[in-house]
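What follows is a short report on a single structure.
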Amino acid sequence: MRRKWVIILLILCSFNLKNTTEAHPHLFIKPSISIVHLDNKRLGLKVLWEWDEWWSMDVINDCDRDHNGIFDHKEIKLVFNDYFKGAEEFDYFTVLKVNKKKQPITVTDFTARIEPNNIVTYSFIIPLNFMFDHQNKSYHFSIAFNDETFYIAFPDKIGINESTKHKKYRNLKTTTVSYYGVKLEFNYTEE
Amino acid sequence: MKKYKLSSLLVFLSIIAILVCLNYSSILSTFTNLIRYLSNFINKTMRELTADLNLRKLVFFMGLSFLYGIIHSAGPGHGKAIIFAFFLKERHHMAKAVLMAGLTAFTHTLSALILALLLNTLLLGIKGFFRIKMQGYFIFANGVLITIIGIFFLIKRLLAKNKELEEERSTNHNIYLIGITAGLIPCPASLMIMLFSVSNGIIPLGLLSVFGISLGMFVLLVAVGILSIKCKKNLSSVKENKTTVMTRWIEFLSIILIICIGLLMSLTVVF
């Protein structure tokens, strides 16, 4: 009887082997987003990443060369080259779909800041590859942040940085992606 | 009393199996938040200690690192799976679980210390996301190594006669082989702590924290090893004192498990 139990347990564990071999995360990002107008006809997704203490300290130690607690233009370039550009081959851990169509992930307007609590935040824009149609009242967005290497976790829900009278984020739905990722879906309208 | 102990063990194993087999996103989310909280707490305490070093805070810091070691090792990872599979493959005494856990925890931490030293001296150009990529290379290489060891075990098992197999069980060679291999990937947590402590000139503090984390990791791995040895004992025929058909099947299954873990580790990095 005992043997039977142990065998059943072993078989159950074997079925879930992939989970067993996954690594656990060591870095953490709190993401938040907002939809911005790049010009009259194009939209962009503005992303804000709030890093954890360890990564923040690493970036500050290495890039805040004058130790004044502020990243100047040259230092932001350092952050970009040494602590951000490398994520390009992972698509910046982002999967973006608008009206179910996958958007290519390119990044513009990168900037980095040291917050008063010594936390580093990155801000960048992902331009959307379609013309904004003022007649089309609603766009369905699906934004997922996930690191397939399981090194970085996005443990919180994705925040929304703005909601003005004209811009509406409706039917928000947050789900988890893979093990340590997060996905936000919503309908976006402008009035 | 013995019956009671075995029932408790089975209940414990059942809970673990249920947790593992469910798509446990909420459990994982709680686990991730806990790791994040502890990791940030270590960081905060370390900074406080840099400014004001006192014994009470130092002891607290060590305890915190130890707790972090246990909890972060309790998450998904290949080390526990390999140790579990290994002790199902071979019959060993409980003391061997301590040796195996010690080897794995020590190698995991030592490789992080060596890497931190290299990153601060010879490999100064490797920063940020390139370190994450480097971790991927380590996982890939480690996966290949584990697969090779698994295949080696399989060939040896297929060629071995029962008598040879019994002799093999009494040696420690395989424990060293698996123990060291399972811990070869540098511990990212220890690496982060050491990089920070080296760049801030607080190396002794970093070493203390890393020691606490390894100790926590060691305790958890010992528990995994003991659980596996107990499972093996339950599966083996004690009365007959010979290798039964079921024992042979379990041995094959555990070797296949080791090969699968190695393959999955490498394939996850590639795809």
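So the sequences go chain by chain: A and B. Okay, so the first sequence: first residue is 160 according to our numbering, each after it adds one. Okay, so the second sequence: first residue is 191 according to our numbering, each after it adds one. A virtual CB, placed ideally from N, CA and C, is assigned to each residue, including glycine. Just so we're clear, the structure is a prediction, and the values are computed from it rather than from any experiment.
Query, Result
"I'd like the list of long-range same chain contacts for L343(A), defined as Cβ closer than 6 Å, with 5 residues on each side in sequence excluded.", "I302, I317 and T333"
"Rank D306(A), I188(A) and S191(A) by C-alpha distance to the C-alpha of E248(A) and give the top, closest one.", "D306(A)"
"Please name the residues in the segment 309 to 322 of chain B whose beta-carbon is closer than 8 Å to at least one beta-carbon of chain A, in chain order.", "K317, G318, F319, F320 and I322"
"Is it right to say A350(B) is buried, meaning 16 or more other beta carbons lie within 10 angstroms of its own, or is it exposed?", "exposed"
"Count the other CB atoms within 10 Å of the CB of N310(B); is the residue buried (16 or more) or exposed (fewer)?", "exposed"
"Anything in chain B within Cβ reach of W210(A), meaning under 7 Å, just list it in chain order.", "Within 7 Å Cβ-Cβ: nothing; W210(A) doesn't reach chain B, min ~11 Å."
"With 8 Å set as the bound, which would you pick, yes or no: does the beta-carbon of N332(B) sit closer than that to a beta-carbon of chain A?", "no"
"Measure from the alpha carbon of F243(A) to the alpha carbon of each residue in C377(B), I449(B) and F319(B), then state which is nearest.", "F319(B)"
"Can you tell me whether DSSP reads G373(B) as helix, strand or coil?", "coil"
"Looking at the unbroken alpha helix (DSSP H) that takes in I266(A), where does it start and where does it end?", "Note on residue identity: the sequence assigns Val, not Ile, to residue 266(A). Looking at the DSSP string, V266(A) is not in any alpha helix (DSSP H), and its letter there is neither H nor E."
"What is the residue span of the alpha helix (DSSP H) that P128(A) lies within?", "Not covered by the structure: residue 128(A). The range shown for chain A is 160 to 350."
"With the cut-off set at 8 Å, would you say H325(A) and V257(A) are in Cβ contact?", "no"
"Could you give the C-beta distance for T235(B) and F256(B), rounded to a whole number, given that I count them as a contact under 8 Å?", "Wrong, their Cβ atoms sit about 13 Å apart, outside the cutoff."
"By DSSP's criteria, L186(A) is part of a beta bridge. Which residues make up the other side?", "I311(A)"
"Based on the DSSP output, what are the partners of I194(A) in its beta bridges?", "L204(A)"
"Hey, does T265(A) have any beta-carbon neighbour from chain B nearer than 8 Å?", "no"
"Among M252(B), I272(B) and A302(B), which one has its Cα closest to the Cα of I451(B)?", "I272(B)"
"Residue range of the alpha helix (DSSP H) that K233(A) falls in?", "H232 to Y242"
"Considering only the beta carbon of each residue, do Y227(B) and G406(B) sit closer than 8 Å?", "no"
"If we call anything under 8 Å between Cβ atoms a contact, is F221(B) one with G265(B)?", "yes"
"Less than 8 Å between the C-beta atoms of I273(A) and D223(A), yes or no?", "yes"
"Beta-carbon within less than 7 Å of F408(B)'s beta-carbon, same chain only, minus the 5 sequence neighbours each way: which residues are those?", "A291, G292 and A295"
"Find the nearest neighbour of E234(A) within the set E212(A), P263(A) and A271(A), judged by alpha-carbon distance.", "A271(A)"
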